[in-house]
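Accompanying notes for the structure given below.
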Amino acid sequence: MAAMVMAPKTGALLNGGATEARPGVFWMGPGTHPVPMSMHAGNRKRLVTKMLKRIQESGGSPRNSVVLLEGGVSETRYCTDHEPLFRQESYFSYLFGVKEPGFYGALDLATGKCFLFMPLLPKDYAVWMGTIHGPEHFKDMYEVDGVFYVEDMPEVLAEMGEGGERPTLYLLQGKNTDSGKMCKPASFKTAHAGHLKGPRSHLVQDPHEIEAGSTYAVEHELAKYIVKIRVQVCVSAVMGWSRS
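Position one of the sequence shown corresponds to residue 1 (the UniProt record's numbering), numbered consecutively onward.
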């Protein structure tokens, strides 16, 4: 795997509005329960373990295999520029704990390393968004191995492959049996995906989830909902991708 260098660029992202940033902790402000990022790291570890087992059972190899998930995006209210309160995509939140919109997350199955990709916003966004932050801030905040800009994702993913080979990407794909709606696979300009059904990834609560769920009624209901999810998740194999 080639060395990946995170070059500083102009632009960054607002971190959670007026909520004070607490590195290594998912926290939404006074009166809410702080959840350590180690919980999300444990979630990722369990997913990697299940993915490796699935790949081995199918006769494959984890070499050059990457799980890629896309987080939620901010929307506007009808034809206005007003943005309703953002809620993160559930599986993305489960694996990465990221609160902000427009992120992608990648897991290298061979090494277990985790990378995030964030949107690059113009400097003048700070006029109405307040303090904005760059990759190093979010690397510390979410305790991952690296943070890059979304526009650099094709190059970074290519460098995750060994021997000049393009990595196989595994995407979230399946039906949520509670809602009947389909999960949306990650997409970006260079991806051409074919879909394969895979195993369920989340059926057991982490102790931190139980703690968070028992603190407040809302968190408790959320935890119960997460546990009841029966989505067939991760895996869509990308048959090949190339830069457009």
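Ideal Cβ positions, reconstructed from N, Cα and C, are used throughout, including at glycine.
Host beta strand (DSSP E) of residue i (start-end)
i, result
"S65", "S65 to E70"
"L169", "T168 to L171"
Whole-Å CB distance - residue i paired with residue j, under 8 Å assumed
i, j, result
"M118", "F96", "About 11 Å separates the two Cβ atoms, so there is no contact after all."
"N64", "E159", "Wrong, their Cβ atoms sit about 11 Å apart, outside the cutoff."
"L109", "V67", "7 Å"
"V25", "M37", "7 Å"
Test item: CB-CB of residue i and residue j under 8 Å
i, j, result
"L172", "L69", "yes"
"G112", "F92", "no"
"residue 251", "F115", "Only positions 1 to 244 of the chain appear in this structure, which leaves residue 251 out of reach."
"R44", "L107", "yes"
"A23", "D140", "The residue you asked about is not Ala; residue 23 is Pro in the sequence shown. Yes, Cβ-Cβ distance for P23 and D140 is below 8 Å."
"P84", "E75", "yes"
"P135", "F148", "yes"
"Y142", "V98", "yes"
"M182", "K189", "no"
Residue i, enclosing alpha helix (DSSP H) - first and last residue
i, result
"L52", "M37 to E57"
### Task
At 4 residues or longer, and completely inside the segment 93-163: list those alpha helix (DSSP H) runs for me, N to C.
126-129, 135-142 and 153-159
### Query
Are the segment 51-71 and the segment 120-139 touching, with three or more C-beta to C-beta distances below 8 Å?
no
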